[in-house]
Each structure stands twice: as C-alpha cells, then as structure tokens.
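Presented below is the structure to which this report refers.
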Amino acid sequence: MNIKKATVFCGASRTCKNEYLEQASKLGELLAQKGIEIIYGGGNIGLMGHLADGALSNGGKVTGIIPNFLQDLELGHKGITELRQVENLHKREEIMMTEPDCIIALPGGIGTFSELLQAITWKRLWQIKSPIIIVNINDYFKPLIDMLNRSIDENFLKEEFANLWTVVNNVDEAMKSLEKQKLS
Numbered sequence: 001m002n003i004k005k006a007t008v009f010c011g012a013s014r015t016c017k018n019e020y021l022e023q024a025s026k027l028g029e030l031l032a033q034k035g036i037e038i039i040y041g042g043g044n045i046g047l048m049g050h051l052a053d054g055a056l057s058n059g060g061k062v063t064g065i066i067p068n069f070l071q072d073l074e075l076g077h078k079g080i081t082e083l084r085q086v087e088n089l090h091k092r093e094e095i096m097m098t099e100p101d102c103i104i105a106l107p108g109g110i111g112t113f114s115e116l117l118q119a120i121t122w123k124r125l126w127q128i129k130s131p132i133i134i135v136n137i138n139d140y141f142k143p144l145i146d147m148l149n150r151s152i153d154e155n156f157l158k159e160e161f162a163n164l165w166t167v168v169n170n171v172d173e174a175m176k177s178l179e180k181q182k183l184s
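Just so we're aligned: 151 in my numbering is position 151 of the sequence shown, and the numbers increase by one with no gaps anywhere.
Now the structure itself:
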C-alpha cells in the first residue's frame with residue numbers, strides 16, 4: 001500500500017495539555033517529511049491547528065474539510081493548502097473516510113470519538129480499507145479501547161475484527177505502523 005493521503009481526526013480544544021499539542025505538531029511534521037498529504041477537519045485551533053501548522057512548516061500539503069456553520073464561526077485555518085467547505089458534518093465525514101489511504105486518530109472530544117467509531121464501522125462493513133491507527137497518548141483512548149475489547153468479549157463483535165484498528169502510544173509509533181502498512 002502506497003500511502004499518499006492520511007486523514008487525521010483530532011480535537012480543537014484550546015485548553016488541552018501541551019503534550020497533545022506537541023504530538024499533533026510532530027505528526028504534521030513527520031507526515032509532511034514523508035510527502036503524505038493531510039486531510040483533517042480544517043480547524044485553526046487546538047490539535048487541529050497544531051497538526052496543520054506542523055505540516056505546513058515542513059512544506060506539507062494540508063486539506064481541511066469544514067462544514068459551513070463552523071467556517072461561519074471563523075474557525076477555518078486560512079493558511080492551509082486547501083479549505084473545502086461542505087454542507088454538513090455527514091459530508092465532511094464521507095470525504096474524510098473515503099479519500100485517504102490511512103486514518104489516524106489523535107486525542108479529541110465527542111467529534112473525534114464519533115469520527116473514529118464511524119471509521120471503524122465503515123471498515124467493519126467493508127466500505128473502506130484504510131488502516132486505522134489510534135494514537136493513545138497518555139492512555140487517552142484506554143476507556144474506548146477497553147469498550148471495543150469488551151464488545152468482542154461479550155460477542156457483539158467477532159474477535160477477528162479486533163484487527164480493524166491498531167493502537168500505538170505516540171506519533172513516532174504511528175509512523176512506524178504506517179511504514180509496516182506500506183510494506184504489506
């Protein structure tokens with residue numbers, strides 16, 4: 001698999017820990033250095049803004065997908081390569097799921113959880129083939145991962161579907177995982 005585009009789900013909180021912001025910046029830098037275009041939610045704040053700025057500072061291509069109502073609040077990043085305005089969140093998710101060669105989830109809030117679970121659902125239903133990498137910084141996603149594993153333990157999800165996602169601890173491990181995907 002040749003990875004040219006990566007969708008990154010992440011939060012837009014202005015008040016999260018610096019470690020999360022630093023990891024988002026670093027992921028942007030690393031993806032740009034590998035020539036991988038980033039597709040993300042289009043925001044200019046929180047992890048979203050740091051991700052985009054990290055990529056842009058390394059010559060990366062960054063495409064933001066933002067619903068009109070969020071752009072109207074002036075939350076769109078004006079410095080990215082392309083900012084596509086769409087009608088609603090559903091259209092944003094469709095583009096973010098179907099255009100990339102891989103999906104990476106960094107910490108975030110309800111929107112990030114929704115996008116991540118939607119991606120896992122689409123992959124489970126064979127609508128996408130993209131690898132899904134969950135970057136579990138500071139065990140942020142541990143409760144969600146535990147819930148997914150419990151759905152397997154309780155027979156709501158077949159054990160074979162545990163391979164729908166990969167969990168790593170930081171963005172360096174995410175990049176190593178992408179390299180493995182590239183070689184498969």
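Positions of the beta carbon are idealized from the N, C-alpha and C atoms, including for glycine.
None of the values given here were measured: they were computed from a predicted structure.
- For the pair of segments examined, the segment 54-61 was found to touch the segment 34-42: the number of CB pairs separated by less than 8 Å reaches three.
- Taking 4 residues as the shortest admissible run, the segment 127-157 contains the following complete alpha helix (DSSP H) segments, listed from N- to C-terminal end: 142-153.
- Going by C-alpha positions, phenylalanine 113 is about 10 Å away from glycine 11.
- Judged by beta-carbon spacing, cysteine 102 lies within the 7 Å limit of alanine 6, meaning their Cβ atoms are closer than that value.
- Look at arginine 124 here: in three-state DSSP terms it is helix.
- DSSP places lysine 5 in the strand class (E or B) of the three-state scheme.
- Straight through space, the alpha carbons of isoleucine 45 and leucine 73 are spaced by roughly 12 Å.
- Inter-residue distance for isoleucine 110 and asparagine 2 is about 31 Å (C-alpha atoms, whole angstroms).
- Less than 7 Å divides the Cβ of glycine 43 from the Cβ of leucine 75.
- 7 Å or more divides the Cβ of leucine 31 from the Cβ of valine 171.
- Closest in alpha carbon position to lysine 176, among Ala52, Val135, Thr81 and Met97, is Val135.
- Contact check for isoleucine 120 against leucine 89 fails: the beta carbons are separated by 7 Å or more.
- In the structure shown, threonine 112 adopts helical secondary structure according to DSSP, grouped into three states.
- Taking C-beta separations shorter than 8 Å and ignoring five residues to either side along the sequence, the partners of proline 67 in its chain run Gln85, Val86, Glu87, Asn88, Leu89, Lys91 and Arg92, following chain order.
- Rounded to the nearest angstrom, the gap between the Cα atoms of valine 168 and alanine 52 is 21 Å.
- Annotation: the continuous alpha helix (DSSP H) that includes isoleucine 95 extends over 89-98.
- Comparing C-alpha distances from alanine 55 to each of Phe69, Leu70 and Gln23 shows the shortest one belongs to Gln23.
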